[in-house]
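Have a look at the structure below, then the notes.
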Amino acid sequence: MIKGISLEVALEAFSAYLAENGRKQSRVERYNYDIKGFL
Numbered sequence: 001m002i003k004g005i006s007l008e009v010a011l012e013a014f015s016a017y018l019a020e021n022g023r024k025q026s027r028v029e030r031y032n033y034d035i036k037g038f039l
């Protein structure tokens with residue numbers, strides 16, 4: 001990850017990217033939950 005970017009900012013950007021590429025909101029939320037659990 002790029003230094004200086006918080007996890008929350010990165011997840012917000014990742015969520016926007018997924019939504020723009022047609023992922024359902026429930027799937028985006030699941031990915032975020034999994035990432036937070038992993039870290």
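Quick note, the sequence shown lines up with residues 1 to 39 if you use UniProt numbering.
The beta carbon of each residue, even a glycine, is placed where N, CA and C say it ideally should be.
Annotated three-state conformation of S26 is helix, per DSSP.
The beta carbons of Y31 and L18 sit closer together than 9 Å. In its chain, beyond the 5 residues on either side, N32, I35 have a beta carbon closer than 7 Å to the beta carbon of L11. Under the three-state reduction of DSSP, N32 is assigned to helix.
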